[in-house]
Amino acid sequence: MRIRRLHSWDLDPARAIRLQEELRTRVRLVPPPSRPRIVAGADCAFTPDGKTVVAVVVALELPSLREAARAEGRAPVRFPYVPGLLSFREAPALLQAFRRLPLVPDVVLFDGQGLAHPRRMGLATHLGLWLELPTVGVAKSRLTGRAPDPGPLRGSYRTLRDAGEPLGRVLRTRDGVRPLYVSPGHLCDIPGAARLVLRTGRGFRLPEPTRLADREVGRLARRPPA
DNA sequence: GCGACAG
DNA sequence: ATCTTGTCGC
12 MRIRRLHSWD LDPARAIRLQ EELRTRVRLV PPPSRPRIVA GADCAFTPDG KTVVAVVVAL
72 ELPSLREAAR AEGRAPVRFP YVPGLLSFRE APALLQAFRR LPLVPDVVLF DGQGLAHPRR
132 MGLATHLGLW LELPTVGVAK SRLTGRAPDP GPLRGSYRTL RDAGEPLGRV LRTRDGVRPL
192 YVSPGHLCDI PGAARLVLRT GRGFRLPEPT RLADREVGRL ARRPPA
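Under our numbering, think of the first position of the first sequence as 12, with each following residue one higher.
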């Protein structure tokens with residue numbers, strides 16, 4: 012798919028924070044498509060030497076959840092891991108994978124936060140602006156905000172908030188398993204984000220698009236380039 | 001100054 | 001993210 016360049020990724024942490032504060036004004040929290048045809052999932056991993064970021068995007072068809080396409084991207088690591096600035100470390104590789112993807116998804120799920128971020132600009136939100144597509148943040152642990160524990164069954168959830176402001180949901184995607192931190196990225200809202208995650212799940216903790224991307228990127232990172 | 005801290 | 005064996009549970 013074609014992607015419009017929004018800005019440079021060659022920044023230092025201080026400038027990255029200023030950019031996030033500037034970009035947050037462009038985010039739109041609106042209901043995502045109710046009947047998406049193609050839902051993609053993206054994730055990253057690092058090569059054993061820690062010098063390269065490998066990204067994989069897997070696009071699935073709904074409601075069958077059958078694979079429609081997948082693509083890989085690589086980029087040198089040129090930004091440190093700083094909580095709150097994850098997109099500056101992983102986006103270059105992710106964007107290359109999307110440029111190589113032979114179709115345009117209706118929605119994209121990312122491994123990380125969306126709105127549930129200190130400046131409301133998590134990885135899913137930032138990439139949503141670049142892709143100009145509805146995106147959802149699906150994180151395995153908390154970055155910002157608090158919420159009571161959700162019930163023990165799949166589907167139960169509690170609103171994640173920061174000083175009263177709703178940021179997303181702590182959602183149980185499998186009975187008795189640690190919940191996921193789901194928040195809207197761009198062109199999405201809180202109920203829509205949670206609904207998309209539940210609709211693309213198959214009984215595993217992670218929704219299928221993200222789970223398949225995660226599994227594939229893990230193997231690729233430990234094997235020569237394609 | 002002391003914790004907290006996506007991947 | 002990544003380093004790492006066995007082990008508890010269904």
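Note that beta-carbon positions come from the ideal geometry of N, C-alpha and C, so glycine has one too.
None of these values were measured; they are calculated from a predicted model.
Would you identify the three-state DSSP class for residue i, choosing helix, strand or coil?
i	result
residue 196	coil
residue 216	coil
residue 134	helix
residue 240	No statement about residue 240 is possible, as the shown extent of the chain runs from 12 to 237 and does not include it.
residue 225	helix
residue 157	strand
residue 232	helix
residue 40	coil
What residue range does the beta strand (DSSP E) around residue i cover?
i	result
residue 105	Unbroken run through residue 105 is the alpha helix (DSSP H), 97-111; no beta strand (DSSP E).
residue 85	77-87
residue 258	With the chain covering only 12 through 237, there is no way to say anything about residue 258.
residue 150	146-150
residue 169	168-173
Within 10 angstroms of the Cβ of residue i, are there 16 or more other Cβ atoms? Answer buried if so, exposed if not.
i	result
residue 19	exposed
residue 250	Within the shown structure, residues of the chain are numbered from 12 to 237, placing residue 250 beyond reach of any answer.
residue 146	buried
residue 168	buried
residue 152	exposed
residue 240	Beyond the ends of the chain as shown, which are 12 and 237, falls residue 240; an answer cannot be given.
Whose C-beta lies closer than 7 Å to the C-beta of residue i among residues of the same chain, with five residues either side of it excluded?
i	result
residue 141	14, 17 and 106
residue 250	Lying outside 12 to 237, the shown extent of the chain, residue 250 is not represented and no answer is given.
Checking the sheet assignment: what are the DSSP bridge partners for residue i?
i	result
residue 63	87
residue 92	According to DSSP, residue 92 bridges with nothing at all.
residue 49	72
residue 208	In DSSP, residue 208 forms no bridge with anything.
residue 191	182
Could you name the residues of the same chain whose beta carbon sits closer than 8 Å to that of residue i, not counting the 5 residues immediately before and after it, in chain order?
i	result
residue 158	169, 170, 171, 172, 180 and 181
residue 186	163, 164 and 165
State the start and end residues of the unbroken alpha helix (DSSP H) segment that holds residue i.
i	result
residue 33	24-34
Using a Cβ-Cβ cut-off of 6 Å (strictly less than) and excluding sequence neighbours within five positions of residue i, which residues of its own chain qualify?
i	result
residue 76	219
residue 156	127, 171, 172, 173 and 178
residue 53	68, 105, 121 and 224
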